[in-house]
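Step one of this worksheet: look at the structure below.
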Amino acid sequence: MNTKLRVGILGATGVVGQRFIELLAGHPQFAVSALAASGRSQGKTYAEACTWRLPGEMPDQVKKIAVHPPAPPLDCDFVFSSLPGEIAGEAEESFARAGYPVITNSSSHRMDTDVPLLIPEVNPEHLELISTQRAARGYQRGYLVTNPNCSTIVIAMALAPLHRMFGVEACIATTMQAISGAGYPGVASMDITDNVLPFIGGEEEKIESETVKILGQVEGASIKDAQMKVSAQCNRVNVVDGHLAAIRVKLSRPASVDQIREALASFSSLPQQLELHSAPDQPIIVRDEMDRPQPRLDRDAGAGMSITVGRIARDSVLDYRLVALGHNTIRGAAGAAILNAELLVAQGYL
Numbered sequence: 001m002n003t004k005l006r007v008g009i010l011g012a013t014g015v016v017g018q019r020f021i022e023l024l025a026g027h028p029q030f031a032v033s034a035l036a037a038s039g040r041s042q043g044k045t046y047a048e049a050c051t052w053r054l055p056g057e058m059p060d061q062v063k064k065i066a067v068h069p070p071a072p073p074l075d076c077d078f079v080f081s082s083l084p085g086e087i088a089g090e091a092e093e094s095f096a097r098a099g100y101p102v103i104t105n106s107s108s109h110r111m112d113t114d115v116p117l118l119i120p121e122v123n124p125e126h127l128e129l130i131s132t133q134r135a136a137r138g139y140q141r142g143y144l145v146t147n148p149n150c151s152t153i154v155i156a157m158a159l160a161p162l163h164r165m166f167g168v169e170a171c172i173a174t175t176m177q178a179i180s181g182a183g184y185p186g187v188a189s190m191d192i193t194d195n196v197l198p199f200i201g202g203e204e205e206k207i208e209s210e211t212v213k214i215l216g217q218v219e220g221a222s223i224k225d226a227q228m229k230v231s232a233q234c235n236r237v238n239v240v241d242g243h244l245a246a247i248r249v250k251l252s253r254p255a256s257v258d259q260i261r262e263a264l265a266s267f268s269s270l271p272q273q274l275e276l277h278s279a280p281d282q283p284i285i286v287r288d289e290m291d292r293p294q295p296r297l298d299r300d301a302g303a304g305m306s307i308t309v310g311r312i313a314r315d316s317v318l319d320y321r322l323v324a325l326g327h328n329t330i331r332g333a334a335g336a337a338i339l340n341a342e343l344l345v346a347q348g349y350l
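Just so we're aligned, residue 1 is where the sequence shown starts under the numbering used here, counting upward by one.
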């Protein structure tokens, strides 16, 4: 591309908003041109409004950009959203109605029947819903595309090649989720230090409903959910980044351990074929060590965009068990949305 597309970021001062800015610095297709946030940040420069929470320095190119309210118009071609759930739904719809493509990390529209819930390696065909959405909602240039919950992405990516090759009838997932998933300041230190919190509000329901939508098929104007049962239990653990999921699956067709491993290790899809900028060479990395994956050692695999799977074994209750890990603020949030945007460019939607 000779001219980069201009990006607006909604919720720019939050941790995920900052991750967007970090990952977009030097991006070959996108350049940040507008920033928006709610409340006290408005009217200030980004450097004045934002306390930078990521390692390293705030990129120079965003320091002097003024922070606007999260409402159109914004000086950009499309927007990424990491707005809080309580304001995201209405704000994102207002941008779509005003003609802006909206690629969102927020949860408000994930389960809308006409909105793609997208993992580019898993369900790129769900982008067909954009034309349905525009017709139903009266959008012209604008539309809504969402990426899944941070743990759902890890689980759905691990299930996708197994479902494709053998069929998955049931999945039980127990997550151990990093504290960065709660945003900043997140979980109180006196609650999480020397502790595990066995409840994350709304998380289990998101995993159970989002996974079957992602692995489902487009039928007419909506998605027919995958015919599998998904059960999730979610825990917050004292790890900064990296969501781990212990997964058990029941398959529709017999498979050996070697076949399961090969299905995961050889998994590749459209983003790799298109050589999208943020797509990892290996979407799923299989580790054979008995004590991997581990958040500290494996969360940054593929620049934070790969899922690492290990502990593949037969299970005495269901058929197989495995452990999957992903970086929750990169593959599970900002990086996922950026990869979605790259696919939208490649498919002619941006």
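C-beta atoms are modelled at their ideal positions from N, C-alpha and C, and glycine is treated no differently.
(1) Exposed or buried, which one is residue 17 when buried takes at least 16 other CB atoms within 10 Å?
(2) Can you check which of these residues, 335, 43 and 253, is closest to residue 280 by C-alpha distance?
(3) Which of the three DSSP states is assigned to residue 157 in this structure?
(4) Residue 264 and residue 212 look like a contact to me (Cβ under 8 Å); what is the Cβ gap, rounded to whole Å?
(5) To test your reading of the DSSP string, which unbroken beta strand (DSSP E) runs of 3 or more residues are found completely within the region 103-184?
(6) Among 23, 127, 32 and 91, which has the Cα closest to the Cα of residue 270?
(7) Looking only at its chain, what residues have a beta carbon closer than 6 Å to the beta carbon of residue 232, apart from the 5 residues adjacent to it on each side?
(8) Just to confirm before moving on: does the CB-CB distance between residue 115 and residue 144 stay below 8 Å?
(9) Ordered along the chain, which non-local residues of its own chain (more than five positions away) have a Cβ less than 6 Å from that of residue 244?
(10) Taking Cβ positions, are residue 299 and residue 242 nearer each other than 8 Å?
(11) Rounding to the nearest angstrom, what Cα-Cα distance links residue 282 and residue 304 in this structure?
(12) Quick test of the definition: if touching needs 3 or more C-beta pairs under 8 Å, does the region 327-346 touch the region 144-164?
(13) Under the rule that 16 or more other beta-carbon atoms within 10 Å means buried, what is residue 199, buried or exposed?
(14) Are three or more beta carbon pairs between the region 91-104 and the region 66-74 nearer than 8 Å?
(15) Any chance the region 219-238 sits against the region 184-201, with 3 or more Cβ pairs inside 8 Å?
(16) Could you tell me the alpha carbon to alpha carbon distance between residue 63 and residue 12, rounded to whole angstroms?
(17) Which term fits residue 120, buried or exposed, when burial requires 16 or more other beta carbons within 10 angstroms of its beta carbon?
(18) Looking at the strands, I want to know which residues DSSP matches up with residue 101.
(19) Taking the beta carbon of residue 289 as the centre, do at least 16 other beta carbons fall within 10 Å, making it buried, or is it exposed?
Checking against the coordinates, here is how it stands:
(1) Along the sequence shown, read from residue 1 onward, the residue named residue 17 stands at position 17. It counts as buried.
(2) As a position in the sequence shown, residue 280 is number 280, starting the count at 1. Ranking the options by Cα distance to residue 280, first place goes to 335.
(3) Counting from 1 along the sequence shown, the entry for residue 157 is found at position 157. Helix at residue 157.
(4) The residue you call residue 264 lines up with position 264 of the sequence shown. The residue you call residue 212 lines up with position 212 of the sequence shown. Between residue 264 and residue 212 a beta carbon distance of about 20 Å is seen, past the 8 Å cut, so the two are scored as non-contacting.
(5) List check, beta strand (DSSP E) in window: 143-146 and 168-177.
(6) Start at 1 with the first residue of the sequence shown, and residue 270 comes out as number 270. Checking every option, the nearest Cα to that of residue 270 belongs to 127.
(7) Walking along the sequence shown from the start, residue 232 turns up at place 232. Exclusion of the five residues before and after residue 232 leaves 173, 204, 207 and 208 as the residues of its chain whose Cβ lies within less than 6 Å of its Cβ.
(8) Looking up residue 115 in the sequence shown gives position 115. Looking up residue 144 in the sequence shown gives position 144. Yes, these two residues count as a Cβ contact at 8 Å.
(9) The residue given as residue 244 occupies position 244 in the sequence shown. Apart from the 5 residues on each side of it in sequence, residue 244 sits with its Cβ closer than 6 Å to the Cβ of 176 and 325 in its chain, given in chain order.
(10) Taking the first residue of the sequence shown as position 1, residue 299 is located at position 299. Taking the first residue of the sequence shown as position 1, residue 242 is located at position 242. In this structure, residue 242 lies closer than 8 Å to residue 299 by Cβ.
(11) Here residue 282 corresponds to residue number 282 of the sequence shown, with the count starting at 1. Here residue 304 corresponds to residue number 304 of the sequence shown, with the count starting at 1. A direct Cα-to-Cα measurement between residue 282 and residue 304 gives close to 11 Å.
(12) As far as the Cβ criterion goes, the region 327-346 touches the region 144-164, which means the pair count is three or higher.
(13) Mapped onto the sequence shown, residue 199 falls at position 199. With fewer than 16 other Cβ atoms within 10 Å, it is exposed.
(14) Three or more beta-carbon pairs drawn from the region 91-104 and the region 66-74 are found closer than 8 Å, and the two stretches are therefore classed as touching.
(15) They touch, by the three-pair rule.
(16) On the sequence shown, position 63 is the one that residue 63 refers to. On the sequence shown, position 12 is the one that residue 12 refers to. Separation of residue 63 and residue 12 (C-alpha to C-alpha, rounded to the nearest whole angstrom) is 12 Å.
(17) Here the question's residue 120 lines up with position 120 in the sequence shown. Buried is the label assigned to residue 120, since at least 16 other Cβ atoms lie within 10 Å of its Cβ.
(18) Here residue 101 corresponds to residue number 101 of the sequence shown, with the count starting at 1. Per DSSP, 143.
(19) Along the sequence shown, one-based indexing puts residue 289 at 289. So residue 289 ends up on the exposed side.
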